[in-house]
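Have a look at the structure below, then the notes.
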Amino acid sequence: MEILSARRRKAFAVGGLMLAVAICTMVLSLNTGTIWLSPITIVQTLFGFGDADAAMVLFDYRLPRILVCALAGIGLAVSGSILQGISRNSLADPGILGLHAGASCGLIVFITFFRSLEDPLALFIPLFTFAGGTIAALLIFLLAYNRQTGLQPVRMILVGIAVTAGFSAISLFFSLRLDEDTYSFTSRWLVGSVWGRDWENVYALFPWVTIFTCYSLWRARILDAFSLGDERAIGIGVALQRERLWLLLSAVALSSASVAMVGGVGFIGLVAPHLAKRLVGSTAKYQIPVAALIGLIILAAADMIGRTLFLPNSIPAGVIVAAVGAPYFLFLLVKAKS
Amino acid sequence: MRKFKPTVLTIITALLFSLLAGCSSSTKTPTTAQATGGAHTEKAEKIASLSIHLTNDLLALGITPVGSVIGGKAKDFLAHVADRLHNTKKLGVAADPDMEALLALKPDMILVDEEFAGQDLDKYNKIAPTHMFSLDEGTWRDHLRALGQMLNREQQAESFIQEYEAQAERVKSLIKEKTGATTAMAIRVSAKELRVQGMKRPLGPLLFEDLELQPANGVEKIQKAYEVISQEVLADYDPDLIFVIVNVEEDAKKVFEQLQVNPLWLGLRAVKENHVYVINEQPWLDYSALGSKMALDEAEKLFAK
Amino acid sequence: MEANTLNGKATSLTGSKMWQFVIVGLIATLGLIISIFLAIAYGAKEMSLQTVWLSIVDYQPDKTLHQIIHEIRLPRVIAAAVVGAAFAVAGALMQGVTRNPLADAGVLGINAGAAFMLALSFAFFPNLPYFIVILLSFVGAVGSTISIYLLGSASANGLTPVRLTIAGAVVAALLSSLSAGIAIYFDLAQDLAFWYAGGAAGIHWSHLKWLVSIILTTIIAVMGISRSVSLLSMDEEVAINLGVKTKRVQLLAMAAVVVLAGVSVSVAGSIGFVGLIIPHIARKLVGTDYRFIIPLSAILGAELLVLADWAARTINPPQELALGVTVALLGVPFFLYLARKERGR
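Protein chains in written order, with UniProt numbering: chain A, 1 to 338; chain B, 1 to 305; chain C, 1 to 345.
Right, here's the structure in full:
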């Protein structure tokens, strides 16, 4: 009991700290843009005392974008936590496993056949990314599933790499036929650039992220049971394969919804759960919320850096995340005992 | 595994629809600002343009916008008009304009291209009255006339168009005199591919309507901006006159140099008769009033010698 | 693999194996010749077989159709053949020395390293002469190979196939993300995509000089270490006992891989999966001896790419598909099949 409560205290302390950092990042991000607003103006405007222009800058341009970043960061991080839990593989990540490639392929197919990113047709984009992500997940599941042994973690990754290559080839095939302007949008989106920056995007993403994050927290004990190994998990009475399928599906839902808004940002799903594990241990009910906050911080910070540091051009957030996340992944790979 | 847990599926389906609904609401009410065009005449002094082509239509009317988007490739205003835009604020690239910079300008009027900005129309309208143009509808003459009407410069628009038509006649006869050509095609050489420019904007209308050249055999089938072709079928087009646009990239130039010593290229009728004309990406591919006029200026020099 | 028969298998050429190789090799060569002829004969421009034949035996430089064959199709088909051979041999070597059935220059991120350097050179030094660009992409290939190799082996358990594959995939993801960043910043995106997609279209006789001589020399040189590679591919300890200097063989083999893959990527773009599929087929046909596998892989690899390139330009003429895409669409199912089979190990 002593140990448990100490861990809990630590988790709350870390969680509080991360929350503070997350809020700081978002406030800092609110402060960056072409128009300079003093912190005082921002606070005034946030409480409804600013002038109309400042309000427009904050509420119409900056805040929705930051919130989309925040939600997508959470979505990707939680998706990664779930995937790592169910595959018992510390290297699992929605990007590496090919879910992003599937979702991206969905978007490219959409753009190729329906051309337009505006107009009423645009409302089908999330449908296509979700379909792509689901197909990728199904492929992984079918190919890595074995009647006797169930889902094999290592094979999930190998299959994921192949699925990624396959979907990327299809995406490439279609994207070469796009005209230059559409292509330049698509290429940014593919590496992860926050294009959803309206309130509508926030409203659209919010329920996905909250519901599936809550679902994963509700299933936290089952995720913990997975880490014991399949036999012992069955021993405890977990309906192993069924739980795994539903958790996998919610991971797909989280990542596809996020990818629909911010593009193929990789590595957050890997890095965030890992850092969380280092900070608060591997108990899912502590790890997931902390991972979510870390994911939020990473994506919000990467987006802020990408659009300010390289003016007048902006670098997609995904490139920044990859530049930091990939070395960390390799570091883990070297350290992993396997 | 055997049977789907209905709750999760229901949730996903419901959410999918909410996501769809969320995305749709952003596009539901594009207030057609075009109708309100007449209301803001003459007062509009500070105009911001979110299309490089509309910017050049404005310049043709003698109006310098206070802000304009820049070319995506050049990361700057298009080279042929850059000297006229010294005091114009850069508003980012057309596909991703800088809303805050636009707001900071406090323009009286905003011009947008439906292709890029259709979705954000109500955002623009919050900043200033916004006029949306679809560059795929009508020719630049229609856009110029519409702008002229909006800004009380109908006279300038008409005289610009008249001058252009006169110049087009001159160029037409110059081409006839110098080359005797009736059929023509334009190709664009980049590092990895060869494109034949089609009948649609940017180059089709200029060559095949304004200059009344006949599209080379097969070009009339390309009812879009361009088509990528294999070098093998280059000989099938075999026109009297070839315009070559070489991309600014260095390796594209190398490819063109290699093409020029290729026997296949040397076998083309236009090449043998020395009727190949290298033209610049800009202004030739800038489908706007000013761009087309400057292309004619260049053509006048090309065919004058 | 049967370690007990290993010694006999690898050190002496048993007669039946030899015959098997000769027969398979002859059939494969015949197949290659047929596919080269097909690829030369059919393209965006239709022409009669007689014209094709005449243009080869009796070339008349003033005929357009003859020019098409000489200036466009021949260089292109030769390039496809040589590049295919290079990728296949590179794959065979990698699979041999790392004992990793999933090794391939594309999967392992070597191509991504070459492409990354291409992106850098496009962005910062667009005027470089052709052979320096080749050299640079080659440096990129070396860099990513070394880092993947180090990362894959820098752990307590050493170089496991899976670890190497994962390290390669991540390095590839990182490098292509950075390439994309550079391409977007400098607005080279679609130019670079064409490199990624791969294709033998823009190749001229002047490039071929370099390409053919480098690749053929390397492949012939590699034959010198093929016996050691086959020993190494079965069991490292047995190989050491038989007097194979494993470190040196590994180093030489990886150097050859880098030369083959680096040069090919710089010319034809990143074409994955050739190096994965072909050595497996070769192994199915002639067993585990790399003295047979390497030449057969070269022939089969050449054949595959010649056919893929032919398909790429005849499926939807006069437009052309990307060669890398055509091959990847073939390669992915195969990779999945291998990944599924791997679980038995």
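Note that CB positions come from ideal geometry on N, CA and C, so glycine has one too.
Assigned with DSSP and collapsed to three states, Arg195(B) falls in strand.
Proximity of Ala95(B) to chain A, defined by a Cβ-Cβ separation below 8 Å, is satisfied. Residues of the stretch 29-49 of chain A whose Cβ lies closer than 9 Å to any Cβ of chain B, in chain order: Gly33, Thr34, Ile35. Chain B has a Cβ within less than 8 Å of the Cβ of Gln67(C). For Asp113(B), the enclosing beta strand (DSSP E) begins and ends at 109-113. Taking a Cβ-Cβ threshold of 9 Å, none of the residues of chain C is close to Arg88(A); the smallest such distance is about 14 Å. The residue from Lys90(B), Leu50(B), Tyr226(B), Glu114(B) with its alpha-carbon nearest to that of Ile187(B) is Tyr226(B). Here Ala328(C) is near Gly272(C), since their CB atoms are less than 8 Å apart. Among the bridge pairs identified by DSSP, His131(B) is matched with Leu111(B). Cβ proximity to chain C below 7 Å picks out Phe310, Asn313, Ile315, Pro316, Gly318, Val319, Ala322, Ala323, Ala326 from the stretch 297-326 of chain A. Around the beta carbon of Pro239(B), 16 or more other beta carbons lie within 10 angstroms, which makes this residue buried.
Bounds of the alpha helix (DSSP H) holding Tyr215(A) are 199-218. Taking 8 Å as the threshold, the shortest C-beta distance from Ile72(C) to chain B falls below it. Asp93(A) sits in coil when the DSSP states are folded into three classes, being neither helix nor strand.
A Cβ of chain B is located within less than 8 Å of the beta carbon of Arg313(C).
Assignment of Ser104(A) by DSSP, reduced to helix, strand and coil, places it in the helix class. Listed in chain order, the positions of the stretch 97-111 of chain B with a beta carbon within less than 7 Å of a beta carbon of chain A are Asp98, Met99, Glu100, Ala101, Leu103, Ala104.
By the 16-neighbour rule on beta-carbons within 10 angstroms, Asn241(C) is exposed. Leu321(C) is a Cβ neighbour of Phe173(A), given a cutoff of 8 Å. Under the Cβ criterion of 8 Å, Ala235(B) is counted among the residues facing chain C. The CB of Val57(A) comes closer than 7 Å to the CB of Glu100, Leu103 in chain B, given here in chain order. Annotation for Glu300(B): Gln167, Arg170, Val171, Leu174 place their beta carbon closer than 8 Å to its own, counting only its chain and skipping 5 residues before and after. By the 16-neighbour rule on beta-carbons within 10 angstroms, Lys272(B) is exposed. Taking one beta carbon from each stretch, the stretch 86-98 of chain B and the stretch 43-57 of chain B have 3 or more pairs nearer than 8 Å; the two touch.
Rounded to whole angstroms, Phe303(B) and Asp297(B) show a C-alpha spacing of 10 Å. For the stretch 156-188 of chain A, the residues whose beta carbon sits under 7 Å from a beta carbon of chain C are, in order, Ile157, Leu158, Val159, Ile161, Ala162, Ala165, Gly166, Ala169, Leu172, Phe173, Ser175, Leu176, Glu180, Tyr183, Ser184, Ser187, Arg188.
DSSP places Val246(B) within a strand segment (E or B) once states are collapsed to three.
Only residues of its own chain outside the window of five on either side were considered, and among them Met99 have a CB closer than 8 Å to the CB of Lys123(B), listed in chain order. Contact holds between the stretch 252-266 of chain A and the stretch 187-206 of chain A, because three or more Cβ pairs, one in each stretch, are under 8 Å apart. Distance from Gly295(A) to Ala272(A) at the Cβ level is roughly 4 Å; contact confirmed, criterion being Cβ atoms closer than 8 Å. For Lys126(B), the nearest beta carbon of chain A is closer than 8 Å to its own beta carbon. Between Leu260(C) and Ile225(C), the C-beta spacing is not below 8 Å. For Ile148(C), the CB contacts under 8 Å within the same chain, skipping 5 residues up- and downstream, are Leu108, Gly109, Ile110, Leu164, Ala167, Gly168, Val171 in chain order.
In the three-state reduction of the DSSP assignment, Arg188(B) falls in the strand class. Excluding five sequence positions before and after Arg188(A), the CB atoms of its chain that fall closer than 6 Å to its own CB belong to Pro316, given in chain order. In this model, Glu45(B) and Ser314(A) are separated by some 31 Å (Cα to Cα).
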